[in-house]
Amino acid sequence: MNLLSKALAAALFATASMPAIAQETAAVPQGAPTVTSECGDDFATWKQNLANEARAAGVGEKGLSALANATIDPKVLERDRAQGVFAQTFTQFSERMISDYRLKHGAANLQKYGQYFAKAEQDYGVPGPVIAAFWALETDFGAVQGNFNALNALVTLAHDCRRPTLFRPQVVPLLTLIDRNVLPADVKGAWAGEIGQTQILPSDYLARGVDGDGDGIVDLRNTPADVILTTGKKIQSRGWKRGEPWIEEVRVPTEMAWEETGRTNKQPLSRWAAMGVTMRDGTALKDTGLKAGIVLPMGRKGPAFLTYDNYDVYLEWNQSATYTLTAANLATRLAGQPAFERGNPDAGLTGDAMKALQQKLHDKGYDVGGIDGILGTNTREAIRQEQMRLKLPVDGWPTDELLANL
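In terms of this note's numbering, the sequence shown opens at residue 2 and continues consecutively.
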């Protein structure tokens, strides 16, 4: 891939990347005061209250000086409100993201840094391909780490009233890292404040940073060993189960109890086998004692995946089902599996038709997470409920037939 192509790919993913902070907690000293400033307050007053909180948490003058110089970045707010890339289907998104470049360099890095991937699996139970897939998708193995001032980005999003509770807990950890000379005050990162080659948030950097090469420094921007070990530790902290799979591609029959599918409807593999589900190559499912859900990202006629407990960990990294399924699938590719079968899905709804469907669902009392044309988790679940009510196949896929029935 030439530099221009890499830049375009990185720009596309930068738009797609969303903050992975649903379960983040700030690693700051005990005794920090409760937050007193509110989003949208006078910015100077808001920053002063934040400075008081940081000082009480042990941040010294270097970190406080960085906060004093922090400003609102309008471009961060533009990015936060423009994530239309997730209006793409799973097939569209994944085929863009799982590029030959990422597969080739992922395989090369798994070999080049094999000792660190092996240590990550030994210490944290996370296989190398899982770590390498995040490394690929987030920054193309460190090539594109973002050019936003990370402190300005976090201050902007914490002060903004759209999602302050997600971003506010990240500010003091970043100030702590700056104060301790781990990061410079003007450290660059993604628009949502993530830093380094796998886009780690400050609270994870502070609490879970690992000195992988033993040089006494945790450098997640320049040192692959530190990146690999820290990423493995972060994934483990979200509940990864050693030795268990994350996803497996399967084939589903033409007819089955579709209402039993879905990520959260985990069943023994023997149950799925009894319904006619097979491995991708048509061989029988083997009952391993584990339970899995069946995810149909493009409906019952598209690709199908068994999703195990470890797949749920992906949603702790990023709450977009499109992104997480892509990351999980890339990990299987790096582990030696072939590209998934596209199937022959029904035409889905896009643009205004998708918004019209969401509006109808909203009018019926469903929380679809906004009329944005994006098939998110809430919209997909609302579709499943209405498919069940209308006695249509319950696969969570929006179609003209469903819209007409509504």
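Ideal Cβ positions, reconstructed from N, Cα and C, are used throughout, including at glycine.
Here the structure is a predicted model, which is why all the values come from computation and not from measurement.
Euclidean distance between Cα positions of A258 and P130: 33 Å
Taking its Cβ as the centre, do 16 or more other Cβ atoms sit within 10 Å of S204, making it buried, or is it exposed? buried
When the Cα of A357 is compared with those of S321, P339, V395 and N406, which residue comes out closest? N406
One question on the structure: do A327 and I99 come within less than 8 Å of each other, judged by their Cβ atoms? The question names Ala, but residue 327 in the sequence shown is Thr. It is a contact, given that the beta carbons lie within the stated cut-off.
Since I believe G290 is in contact with D180 (beta carbons under 8 Å), could you give me their beta-carbon distance rounded to a whole number of angstroms? Not confirmed; about 49 Å, so no contact.
Taking E261 as part of the beta strand (DSSP E), name the residues at either end of that continuous run. Premise fails: E261 is in no beta strand (DSSP E) and is neither H nor E.
For P394 versus Q388, is the C-beta distance shorter than 8 Å? yes
What did DSSP end up calling I384 once you bin it into helix, strand or coil? helix
In three-state terms, what does DSSP make of F341? coil
At the level of alpha carbons, what is the spacing between F118 and R390? 48 Å
Inter-stretch contact at 8 Å, needing at least 3 Cβ pairs: the segment 308-318 / the segment 64-81: no
Excluding five sequence neighbours on each side, which residues of the same chain lie with their C-beta closer than 6 Å to the C-beta of A137? R103 and G107
With distances taken Cα to Cα, identify the nearest neighbour of G349 among V369, Q93 and L307. Q93
Whole alpha helix (DSSP H) elements within the segment 249-322, 4-residue minimum: 270-275 and 310-318
Can you tell me where the alpha helix (DSSP H) with A357 in it begins and where it stops? G352 to D364
I need the DSSP call for I236, collapsed to helix, strand or coil. helix
Between Q123, L158 and L111, which has its C-alpha nearest K76's C-alpha? L158
From the DSSP output, which residues share a beta bridge with K189? N150
Suppose contacts are defined by Cβ-Cβ distances below 8 Å. Is Q171 in contact with L155 by that definition? yes
Where does Q359 land, buried or exposed, given buried means 16+ other C-beta within 10 angstroms? buried
Cut-off 7 Å between Cβ atoms - residues of its own chain near R163, not counting five sequence neighbours on either side: D81
Is the CB-CB distance between P304 and R264 below 8 Å? no
Quick check: the Cα distance between A52 and V296, rounded to an integer number of angstroms? 45 Å
Excluding the five sequence neighbours on either side, which residues of its own chain have a C-beta within less than 7 Å of the C-beta of K235, listed in chain order? I201, D205 and R209
Just to confirm my understanding: we take L286, look at its own chain, exclude 5 residues before and 5 after, and list those with CB closer than 7 Å. What are they? L270, W273, A274, V278, T279 and M280
Does I201 come out as helix, strand or coil in the three-state DSSP assignment? strand
For Y367, which option in W398, I384, G352 and G41 has the closest C-alpha, if you only look at C-alpha atoms? I384
Should F197 and V228 be called a contact, given that it needs their Cβ atoms to be closer than 8 Å? Note that residue 197 corresponds to Gly in the displayed sequence, not to Phe. A contact, by the Cβ cut-off of 8 Å.
Report all residues from its chain with a CB closer than 8 Å to the CB of E245; omit the five preceding and five following residues, and keep chain order. L291, Y309, D310 and N311
List the endpoints of the continuous alpha helix (DSSP H) containing V173. V172 to D180
Under 8 Å by Cβ, that's how I've got A186 and L152 pegged, so tell me the actual separation to the nearest angstrom. 7 Å
State the start and end residues of the unbroken alpha helix (DSSP H) segment that holds L78. P75 to R82
Just how far apart, CA to CA, sit G215 and K48? 37 Å
From the DSSP output, which residues share a beta bridge with I196? I201
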